[in-house]
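Colleague: Just dropping this structure here.
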Amino acid sequence: MSLVEKNNISGSTGQQIHLSEASAADYIALLKPRVMSLVVFTGFVGLIVAPGHMNPILAAIAILCIAIGGGASGALNMWYDADIDRIMKRTKNRPIPAGLVREETVLAYGITLSVFSVMTLGLLVNWLSAALLAFTIFFYSVVYTMWLKRSTPQNIVIGGAAGAFPPMIGWAAATGSVSIESVVLFLIIFLWTPPHFWALSLFMSGDYEAANVPMMPNVKGEKSTRLQIVVYSLIVAPVGVLPWFLGFGGHVYGVLSTLLGAIFIWRAVQLWMAPQHEEQMRAARALFKFSLVYLSALFCVLLAEALVAKLLPVIGG
């Protein structure tokens, strides 16, 4: 049975009371499940790649808390951004602008999930990972959503840190510490975020302009954005190979990360060199799609190599 939300309730006699229904699916949508899936995946990779063996039950609790915390951040983001979500084509059907859930309900929902995820992670796993999760929620909900997103074209550069913390949280949950390896995992996602989202913003610039969000193409222009994408691709590609050099990525990872990094750079250069607007937009879409493959492949291989290294002694033992 669906949950019933009351909108525009009036106590005056004779005025109609408008009701809108929010289903369980709408409350799940508030958690931004696509973003949450990336958060869960990279957090899980950080937990598995970390040295040692974590209790499976505690590991499951840690991943669940990371997922809930990531979802809470998404809900708080939707609460604050409800005004611009009503304007942008890709967000106008979200639960709040669609009139399915009241804004104050979403605020309470996000805060409740935030407190629950942080306290559970701290009490049952360790307080370092809980502190990192709390900071991540704060950074995404307050620093990025409430400040950076509407004030600077560097919003996604600085704000990208929020999406880069999950593997560090997973590592801290498994080890109770933060190491150079977890920092490298953080840096891969952090440096990958600008070219990934700027490629998206190139072919979605009209949406951001309508909502008055200062994304790079709307403020600095498409040419500057394409140049900065090239610069970031030249940085993220070698950083993506660092796990191999530091020894927590194997030879398969080393070869794959080098190859994919070279393709990433080439895609960015193609975008930079595209002469016509239509070709630039095609190149931007191609880079955006490839960037998803790039990050997923790197973390998938890291995960596979770590699982093999940890399971082989058990199987052969």
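Our numbering puts the first residue of the sequence shown at 95, with every later residue one more than the last. All C-beta atoms, glycine included, are put in the ideal place defined by N, C-alpha and C.
(1) Drop a sphere of 10 angstroms on the beta-carbon of A356, count the other beta-carbons inside from all chains shown, and report buried for 16 or more, exposed for fewer.
(2) Can you tell me which of H147, A378, T269, H345 puts its alpha carbon nearest to the alpha carbon of W360?
(3) Do you know whose CA, among L141, I155, A166, lies nearest M130's CA?
(4) I'd like the span of the alpha helix (DSSP H) that includes V307, first residue to last.
(5) Taking C-beta to C-beta, are P288 and V251 nearer than 7 Å?
(6) What residue does the alpha helix (DSSP H) around D177 start on, and which one ends it?
(7) Compare the C-beta of L321 with all C-beta atoms of chain B and state if any pair is closer than 7 Å.
(8) Count the other CB atoms, across all protein chains shown, that sit within 10 Å of the CB of E372; report buried if there are 16 or more and exposed otherwise.
(9) Just the Cα atoms here: how many angstroms apart are T352 and T206?
(10) Grouping DSSP H, G and I as helix and E and B as strand, with all else coil, what is A116?
(11) Inspect the beta-carbon positions of A258 and F284 and report whether they are closer than 7 Å.
(12) Go through its chain and collect everything with a Cβ distance to S104's Cβ below 6 Å, but skip five positions before and after it.
(13) Which class does K317 belong to by DSSP, given the choice of helix, strand or coil?
(14) Check whether the segment 185–200 touches the segment 168–176, counting contact only when three or more Cβ pairs, one atom from each stretch, lie closer than 8 Å.
(15) Report all residues from its chain with a CB closer than 7 Å to the CB of Q110; omit the five preceding and five following residues, and keep chain order.
(16) What residues in its chain sit with their C-beta under 7 Å from that of V307, if we drop five residues either side in the sequence?
(17) Alpha helix (DSSP H) containing A356: first to last residue?
(18) When DSSP labels each residue in this structure, what does K243 get in the three-state scheme?
(19) Taking buried to mean at least 16 other C-beta atoms within 10 Å of its own C-beta, is Q374 buried or exposed?
(20) According to DSSP, simplified to helix, strand and coil, what is R188?
(21) Whole angstroms are fine: how far does the CA of Q370 sit from the CA of L226?
(22) Is it buried or exposed for F339, if we count other Cβ within 10 angstroms and need 16 for buried?
(23) Taking C-alpha atoms, which residue in M309, A400, L406 lies nearest to G140?
(24) CB-CB under 7 Å to S208, same chain, minus the five flanking residues each way: which ones, in chain order?
(25) Per DSSP, what kind of secondary structure is H147 in: helix, strand or coil?
Modeller: Taking the structure as given:
(1) As a first step, residue 356 is located in the sequence shown; it is residue number 262 there, counting from the start. Flag for A356 reads exposed.
(2) The sequence position of residue 360 within the sequence shown is 266, counting from 1. The shortest C-alpha separation from W360 is found at A378.
(3) Within the sequence shown, the letter at position 36 stands for residue 130. Ranking the options by Cα distance to M130, first place goes to A166.
(4) Taking the sequence shown and counting its residues from 1, the one referred to as residue 307 is at position 213. Element bounds for V307: n/a, residue is neither H nor E.
(5) Indexing the sequence shown from 1 puts residue 288 at position 194. Indexing the sequence shown from 1 puts residue 251 at position 157. Yes, these two residues count as a Cβ contact at 7 Å.
(6) Here residue 177 corresponds to residue number 83 of the sequence shown, with the count starting at 1. Its alpha helix (DSSP H) spans residues 176–179.
(7) Absence of chain B from the displayed structure is noted, only one protein chain being present.
(8) For the purposes of this step, residue 372 is taken as residue 278 along the sequence shown, with counting starting at 1. So E372 counts as exposed.
(9) As a working mapping, residue 352 is identified with position 258 in the sequence shown. As a working mapping, residue 206 is identified with position 112 in the sequence shown. Cα to Cα, the separation comes out at about 43 Å.
(10) Locating residue 116 in the sequence shown gives position 22, counting from the first residue. A116: strand per DSSP, three-state reduction.
(11) Looking up residue 258 in the sequence shown gives position 164. Looking up residue 284 in the sequence shown gives position 190. A contact, by the Cβ cut-off of 7 Å.
(12) In the sequence shown, residue 104 corresponds to position 10, counting from 1. Its pLDDT being 39, under 50, S104 is placed unreliably in this model, and the coordinates cannot settle the point.
(13) Residue 317 sits at position 223 when you count from the first residue of the sequence shown. Three-state DSSP puts K317 in a helix.
(14) Taking 8 Å as the limit for Cβ pairs, the verdict is that the segment 168–176 does touch the segment 185–200.
(15) Here residue 110 refers to the residue found at position 16 of the sequence shown. For Q110, the predicted model reports a pLDDT of 38, less than 50, meaning its position is unreliable; a value from the coordinates is still stated below. Taken in chain order, the list of residues that qualify is empty.
(16) In the sequence shown, residue 307 corresponds to position 213, counting from 1. Once the five neighbours on either side are set aside, the close Cβ partners of V307 are I178, K243, R244.
(17) Position 262 of the sequence shown, counted from the start, is the residue given in the question as residue 356. From DSSP, the alpha helix (DSSP H) with A356 extends over 345–367.
(18) Along the sequence shown, read from residue 1 onward, the residue named residue 243 stands at position 149. K243 falls in the helix class under three-state DSSP.
(19) In the sequence shown, counting from the first residue as 1, residue 374 sits at position 280. Q374 comes out buried.
(20) Here residue 188 corresponds to residue number 94 of the sequence shown, with the count starting at 1. Coil at R188, not helix or strand.
(21) Residue mapping note: residue 226 aligns to position 132 of the sequence shown, counting from 1. Residue mapping note: residue 370 aligns to position 276 of the sequence shown, counting from 1. C-alpha separation (whole angstroms): 44 Å.
(22) In the sequence shown, the residue the question calls residue 339 occupies position 245. Its Cβ having fewer than 16 others within 10 Å, F339 is exposed.
(23) Counted from its first residue, the sequence shown places residue 140 at position 46. Considering only alpha carbons, the answer is A400.
(24) Reading the sequence shown from its first residue, position 114 is the one you call residue 208. The residues are G163, A166, I231.
(25) For this step, residue 147 is matched to residue 53 along the sequence shown. Correct three-state label for H147: coil.
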